[in-house]
Every structure is written in structure tokens, then in C-alpha cells.
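Here's the structure, in C-alpha cells; my notes come after.
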Amino acid sequence: MELFHASNEEKRPSGSGDQIKSPRKISRRSLLKGAAVFGAAKALSQMGVEEAEAKGERDISNAGRVKEEARKASILIEGADPVRFLESRYLVSALYYSDRFLRKLSRGEGVSDVSEEIIAQIAGKVTSGLREQFMSYLGRKFAAEVRNGQPKNPSPPLIDFIYGRGQNHPDAIDLFIEEGALVYTMRSGIAVLADRGWKKDNSFSTSSLKGGNTVIVYAPDTKEFYRYCHLRDVLVKAGEFVMAGQTIGSVGHSGSNASKPGRGKHLHLEINRYYEREKEMRPLFEAELKNMVEQAKRKHRMFVGAD
Ligand SMILES: [Zn+2]
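Just so you know, we're using the numbering used here here: the sequence shown kicks off at -2 and counts up by one.
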């Protein structure tokens, strides 16, 4: 069943459809009181008692798991050993997310699912010092492995695609293509997150419910993190060295929104860059992202043409 059915239901504008039908005059006060429980009662009747009970139990066990995951990440943060940061997918995600997004979550704004609840609990602990520790460890790891082969030119993430239009995310782009199309890493780097096994009815199957099966690659040369979401297959592991142009997975429709009917069939791409002087992680905007992809396409064509 839909995990966030109840909360979606609450967002639906009221005033249409089956409203309270009152056969007798009632006071405004009791009407208001009635209206407050009406939403819950409506959700309950739609869901069925058994389902609601199951949901209740799940909410309680979810809360426990949220605490546990946040605690695990906090212990790693306190340990300050970047070699171990990859042990928590939530910590890695938090280290990736922009400062703006983390500030928002820690204020409790826009927390819409359990993965964001976990991130919200550790957001305040993700300092620029912690990020720099992580990135310098990844830089050393990269330098040790890069001698096995020169980093290649940037690669386009897909060979053939069309840009999505009218999207509601200013700092990401959707590249549309048939599912199953291979996804290539744009830059050489270290894969820091390789979430696979997304399941619609398991809130903890991936560290981002919205992202679904996701790969994040850190490119030390530019201090940029590349995030590829909604994948079907994931072909790399966290901690692995990846070369620009290497296949990291395939296009799918994993994630709470991408899995809805009529969605999917696209790769969601984000790039976050760390600005050393400002000590801040910022997302690239849509136009910048398109630019990067177009540049990679040109370089790739030149490289393929020259060969
Ligand atoms: Zn998207």
C-alpha cells in the first residue's frame, strides 16, 4: 500500500465531495471539534481498521528505527574517523546534501518521510570541518587508485535523452529515456553511496525514499558530488573507484514519486559543489547542470571522434 497515503490525503483541498452531513442544528464549537477529528475518521474509514492498526504499529517501529539510524550516524560523527563514514548511508547523504537543505530540515521544514527525519536529526552535526575531513579522505583514496588509469574526459550520464520540462526542482534535472538505458558516471571519482534494493513498502530500503536506488560519486578534482536517482540496477559499490564513462547502473523508476503511475523513465541528476572559501556545500542550478551535461556531450563526441 501507499506509505504516505494518509499525509497525501490531508493535503487534498477540502470543500469538495463528501462533507459532514448534519441532520440537526449543531453549535459552531462542536462543528469545529467535529471537523478536527473528521480528517482522521475519514482516513480511518478509507483505510480500514486492520490497515490502520498495521500502520500504527509500523509508525512505532519506524520511530525506533529512525532513532537507531540517527544514533548510529551520530556515533560515527563523534568518532571523527572519515574511513568509517561510509558505514552509515544516512551520514553519507547528509554529508552530500547542501547546507541550505540541511538547515531547512533541522528547522523541521519539509520533513516529509522517515529518511528526511533521520537526516533532520543529524543535520546540525554536519559541520564544514566534518565535510572537509570526509573529502580529504576521499581525495587520498582517489589519488591512490587513479594511477591504475588516467581520469578520462567528463562523460555524459546517458547517451541519448531528452530534457524534462516544467520541473519543480530548481537544483536538479530530469533526463528522459527508456528504462533500462545504461547510466554512466560523468566524472572519475569515488562512489560514496550505492543504494539498491528499493522497495515501495519498506521506508528503510534506501537512504532516500524519494531518490530510491541512488548512486553518489565524489569527484575530488572539482570537489563535486554527482547524484543519480531512480535507478533500476546499481552496478557499483560504496567506496569503489569509478572512471568517467563507467557504467554505474540503469534508468528505472525507484523512489516514492518516480514509482507512481506515469512517472519514471528518467534519470534525476544533481550536482553539489563544495566551496572551500565559503565553507559551504551548494547545489548547481538547472541551467548550470544542463551546461555541464552539454559540455560533457561535446567532449565525449570529440573523444569518440578522435579515436
Ligand atoms: Zn527529478
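Glycine residues also receive a C-beta, built at the ideal position from the N, C-alpha and C atoms. Bear in mind that the values here come from a model prediction, so they are computed numbers and not experimental data.
Between which two residues does the beta strand (DSSP E) carrying residue i extend?
i: residue 204; result: Note, residue 204: premise wrong, no beta strand (DSSP E); not H, not E.
i: residue 322; result: Because the chain is modelled from -2 through 304, residue 322 falls outside the range shown and cannot be assessed.
i: residue 82; result: Where residue 82 is concerned, there is no enclosing beta strand (DSSP E), given that its DSSP letter is neither H nor E.
i: residue 309; result: Any answer about residue 309 is impossible in this case: the structure gives the chain only from -2 up to 304.
i: residue 171; result: 170 to 173
i: residue 228; result: 228 to 231
With a threshold of 8 Å, establish whether the CB of residue i neighbours any heavy atom of ligand 1.
i: residue 249; result: no
i: residue 284; result: no
i: residue 161; result: yes
i: residue 192; result: no
i: residue 297; result: no
i: residue 171; result: yes
Have a look at the options and flag the residue whose alpha-carbon is nearest the alpha-carbon of residue i.
i: residue 86; options: 270, 209 and 54; result: 209
i: residue 291; options: 172, 166, 216 and 217; result: 172
i: residue 92; options: 263, 141, 277 and 138; result: 277
i: residue 305; options: 77, 72 and 169; result: This structure leaves residue 305 out entirely; the chain is present only between -2 and 304.
i: residue 179; options: 200, 161, 166 and 153; result: 153
i: residue 77; options: 237, 131 and 188; result: 131
i: residue 140; options: 100, 206, 190 and 240; result: 240
i: residue 56; options: 198, 234, 217 and 81; result: 198
i: residue 294; options: 186, 187, 138 and 150; result: 150
i: residue 72; options: 59, 88, 248 and 60; result: 88
i: residue 188; options: 47, 196 and 222; result: 222
On the DSSP bridge list, what partners appear for residue i?
i: residue 221; result: 216 and 270
i: residue 278; result: 271
i: residue 238; result: 187
i: residue 160; result: 172
i: residue 247; result: 179
i: residue 305; result: The first residue shown for the chain is -2 and the last is 304, placing residue 305 beyond what the model contains.
i: residue 196; result: 199
With respect to the alpha helix (DSSP H) encompassing residue i, which residues constitute its N-terminal and C-terminal limits?
i: residue 99; result: 96 to 103
i: residue 71; result: 46 to 76
i: residue 111; result: 111 to 120
i: residue 138; result: 125 to 143
Counting only beta-carbon separations shorter than 9 Å, does residue i have a partner in chain C?
i: residue 287; result: Protein chains in the displayed structure number just one, and chain C is not present.
Open item on the list: Closer than 8 Å is the cut-off here; do at least three beta carbon pairs connect the region 117 to 127 with the region 87 to 101?
Closed with: The region 117 to 127, when compared against the region 87 to 101, does touch it at the 8 Å Cβ threshold.
Task: the region 99 to 116 contacting the region 255 to 270, beta-carbon criterion three pairs below 8 Å - done: no
Open item on the list: Contact between the region 216 to 235 and the region 249 to 260 is defined here as three or more beta-carbon pairs at a separation below 8 Å; is this criterion met?
Closed with: Verdict: yes, contact present.
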